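Protein chains: 2
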Amino acid sequence: MAGGVGTRFWPKSRQLMPKQFLDILGTGKSFIRHTYERFVELVPPENFLVVTNRKYKDLVLEHLPELKPEQVLCEPIGRNTAPCIAYAAYTLQTKNPEAEMIVTPSDHLILNEADFRSIIGECLVFAAEHDALLTVGIKPTRPDTGYGYIQVSDSQPISKVKCFTEKPNLELAQTFLQCGEFVWNSGIFIWKVNTIIKAFERYLPEHHTLFSSMQQTLGTESEQSTVEKIFAECRAISIDYGVMEKADNVYVRCGEFGWSDVGTWGSVYQHSRKDRYANAIPAEGCYLYDTRSSIVSLPKDKIAIISGLKEYIVVDTEDVLMICPRADEQNIKKFIDEVKFHKGDKHI
Amino acid sequence: MAGGVGTRFWPKSRQLMPKQFLDILGTGKSFIRHTYERFVELVPPENFLVVTNRKYKDLVLEHLPELKPEQVLCEPIGRNTAPCIAYAAYTLQTKNPEAEMIVTPSDHLILNEADFRSIIGECLVFAAEHDALLTVGIKPTRPDTGYGYIQVSDSQPISKVKCFTEKPNLELAQTFLQCGEFVWNSGIFIWKVNTIIKAFERYLPEHHTLFSSMQQTLGTESEQSTVEKIFAECRAISIDYGVMEKADNVYVRCGEFGWSDVGTWGSVYQHSRKDRYANAIPAEGCYLYDTRSSIVSLPKDKIAIISGLKEYIVVDTEDVLMICPRADEQNIKKFIDEVKFHKGDKHI
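If you read the sequences in order, they're chains S and R. Position one of the first sequence corresponds to residue 1 (the numbering used here), numbered consecutively onward. Position one of the second sequence corresponds to residue 1001 (the numbering used here), numbered consecutively onward.
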């Protein structure tokens, strides 16, 4: 899944350059490239499908030159995760209905890839043997109010799911953390193609009808116009809300492999290497004085001299400079709106 | 006089783009252009001489296309104001020894140009009638410790000078301000060419010998090589220290015409139009939140979103970003040194 527009990292992320194509942590590779390399040890390149907005098709192929253009499924508009997953699942069904399918976001951070792959391997075996919708859970390390939580029903490695709770308030998140029965929802799913399609049929019948009708056009000239019509008609809904919360064959495999959805500058800060004054700065060209606990992002070859900032985000790009206290990063949305109001989409 | 290198406005000013060629206050014209236009109502264009470092010759002609190349006198190296003024004075002497000469910095701000010109007019009359070295003083408005002070001996409009005092400490500056006998030294001088040359002969005889020897080469092929040799040999010294503090025919005309040497970002801040939160920002493209008493300078077409800064200087250029509390602007020298150490002269 690589369709996100990602305004949360503006001005570094843009409508035409969302987070999955960026290297916000300075690792040398984009998130989508890391995601590909993480899975290519389990899945042959020709078995990948990337679902993205059509405006990112070229970007996907640029970051993943191993893929053929027909492996990039283009959404005309974003309709949340259920239609995105349906597009891929109904496409895969025409090729191999017995196949197992791994669904993953393309813009997450995973630090321990070996552990991660061994868990995914386990999940694939379980999915092959059971008619199960399997999700990967993350052992929570803090009462984060930005994540979805999944309650497990036992302490088996792969446990039946009791219930889903989206973004709890802090008090509830603290209770979840203490009680030990809750894990974070990573948005990574493993199932047989036939299993998820049965679930669509039952819980999202309209989507089932629409995407079934697409199958005979796949690979033909009318595929794009059919997909266009389907996305225009189908309801935007998440796979969690549309299927996972309703189905009774949902399981979770909880893992610890250094996961983050890197959804905020705060989380980028958290996962970046820091200097001795706790600043997360580029390896080159950043000269700090009396500056602590700040995060700085600069264009290539630009230098910055920063004095007297405590806990700030400084993001400089070719056409936009943003300076903002780390505690105020939720205001980025407001900043974007104001810039849009005055300047149109030019800088967005 | 347009030879200054002006590192105090780094990163906006550069070795190859010093302050006199910049429009730091956002007026639409560079300082040198304003200076030219201020004087061209009193002096015909063909009578201007600009003394500058040879690396700025093209810049001078670009900002003052009215001048011919031979009106730009090129110093091979900066040697402070006495050699600069000598180069111009000994050049003028070969053309018209009876001429009056106005010496002015090219990077100062003057708000009330009509009053200024009427004072310069008075000074020209006085200089024509007297064998006097006349300087323009500024009625001080605060105990500034960054300026030179001149003590007047009476309350005549044009008064004999009692003494010069360079950059006093705060206590002394406060005394100067209270006593009422002191004015700021603007660095603007008016005299007859013959009068200043007599003063060189008497107070800076080495300079007199060197620059006299130059006169026969003016306009010939060997002018540049002679000037090269003279500047290599002659002592760097200011006209104030070398001549004005020693001569006994020094007069000052005190004026009030909204003058500033705009020597620091603090002074740019002071002279800039402010928004209602006392921020001095570009007319376009700067969006501030919870930000007060700060000054922002941006490249053309760049936008900035700044949140939570109080009393900061933010200067963004194509290759350098500087963020620094206004109170720490004296550190700019240190910043430059660090950047030089790591990156060489590239960004300086």
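Where is the CB? At the ideal position from N, CA and C, for every residue including glycine. All of these numbers come straight from a predicted model, not from anything done at the bench.
For residue i, which three-state DSSP category applies?
i	result
Leu67 (chain S)	coil
Leu1182 (chain R)	The amino acid at residue 1182 (chain R) is misidentified as Leu; the sequence shows Phe. It is a strand residue.
Cys84 (chain S)	helix
Thr1145 (chain R)	coil
Arg1033 (chain R)	helix
Asp1350 (chain R)	Residue numbering for chain R in the displayed model covers 1001 to 1348; residue 1350 (chain R) lies beyond these limits and cannot be assessed.
Lys1139 (chain R)	coil
Ile281 (chain S)	coil
Leu109 (chain S)	strand
Thr1291 (chain R)	coil
Trp1010 (chain R)	coil
Gly1242 (chain R)	helix
Glu100 (chain S)	strand
Leu1053 (chain R)	Note on residue identity: the sequence assigns Asn, not Leu, to residue 1053 (chain R). Asn1053 (chain R): strand per DSSP, three-state reduction.
Phe1048 (chain R)	coil
Arg79 (chain S)	coil
Leu1016 (chain R)	coil
Val296 (chain S)	strand
Leu1172 (chain R)	helix
Met214 (chain S)	helix
Val262 (chain S)	coil
Arg276 (chain S)	coil
Phe1189 (chain R)	strand
Val1152 (chain R)	strand
For residue i, count the other beta carbons within 10 Å of its own beta carbon; 16 or more makes it buried, fewer makes it exposed. Which is it?
i	result
Gln1077 (chain R)	With the sequence shown as reference, residue 1077 (chain R) is identified as Ile, and Gln is not the correct amino acid for it. Ile1077 (chain R) comes out exposed.
Leu111 (chain S)	exposed
Leu1210 (chain R)	buried
Thr1317 (chain R)	buried
Tyr312 (chain S)	buried
Asn1169 (chain R)	exposed
Glu1100 (chain R)	buried
Pro45 (chain S)	exposed
Ser1186 (chain R)	buried
Phe240 (chain S)	Strictly speaking, residue 240 (chain S) in this sequence is Asp, with Phe absent from that position. It counts as buried.
Gly148 (chain S)	buried
Phe1341 (chain R)	exposed
So which residues on chain S does residue i lean against when the C-beta distance must stay under 8 Å?
i	result
Phe1009 (chain R)	Within chain S, no residue comes near Phe1009 (chain R); the closest Cβ sits about 14 Å away, beyond 8 Å.
Ile1303 (chain R)	Asp319, Val320, Leu321, Val339, Lys343 and His347
Considering residue i, what are the terminal residues of the beta strand (DSSP E) in which it resides?
i	result
Ser1307 (chain R)	Ile1303 to Ser1307
Asn249 (chain S)	Here Asn249 (chain S) belongs to no beta strand (DSSP E), and DSSP marks it neither H nor E.
Leu218 (chain S)	That residue, Leu218 (chain S), is in no beta strand (DSSP E); it is neither H nor E in DSSP.
Glu72 (chain S)	First, the amino acid is wrong: residue 72 (chain S) is Val here, not Glu. Looking at the DSSP string, the run of the beta strand (DSSP E) that includes Val72 (chain S) is Val72 to Glu75.
Ser159 (chain S)	Ile158 to Thr165
Val1040 (chain R)	Neither: Val1040 (chain R) is in no beta strand (DSSP E) and is coded neither H nor E.
So, does the CB of residue i fall closer than 7 Å to a CB anywhere in chain S?
i	result
Asp1316 (chain R)	yes
Glu1311 (chain R)	no
Phe1164 (chain R)	no
Find the residues of chain R that neighbour residue i, judging by a C-beta separation of less than 7 Å, and give them in chain order.
i	result
Ser307 (chain S)	Ile1323, Cys1324, Pro1325, Asp1328 and Asn1331
Can you pull the chain R neighbours of residue i, defined as C-beta to C-beta under 9 Å?
i	result
Ile138 (chain S)	Ordered by position in chain R, no residue passes the 9 Å Cβ test against Ile138 (chain S), which lies about 32 Å from the chain.
For residue i, go through chain S and note every residue whose CB falls closer than 9 Å to its CB, in chain order.
i	result
Glu1062 (chain R)	Per Cβ cutoff of 9 Å: no residues; Glu1062 (chain R) is ~26 Å from chain S at best.
Tyr1287 (chain R)	Phe335, Glu338, Val339 and His342
How about residue i: is its C-beta nearer than 7 Å to some C-beta of chain R?
i	result
Tyr269 (chain S)	no
Could you spell out where the alpha helix (DSSP H) holding residue i opens and where it closes?
i	result
Glu113 (chain S)	Glu113 to Glu129
Phe1231 (chain R)	Glu1223 to Glu1233
Ile196 (chain S)	Val193 to Tyr203
His1342 (chain R)	Ile1332 to Lys1343
His1347 (chain R)	Premise fails: His1347 (chain R) is in no alpha helix (DSSP H) and is neither H nor E.
Val1268 (chain R)	Trp1265 to His1271
Counting contacts by CB-CB distance shorter than 7 Å, is residue i in contact with chain B?
i	result
Lys1012 (chain R)	Note that chain B does not occur in the displayed structure, where the protein chains are S and R.
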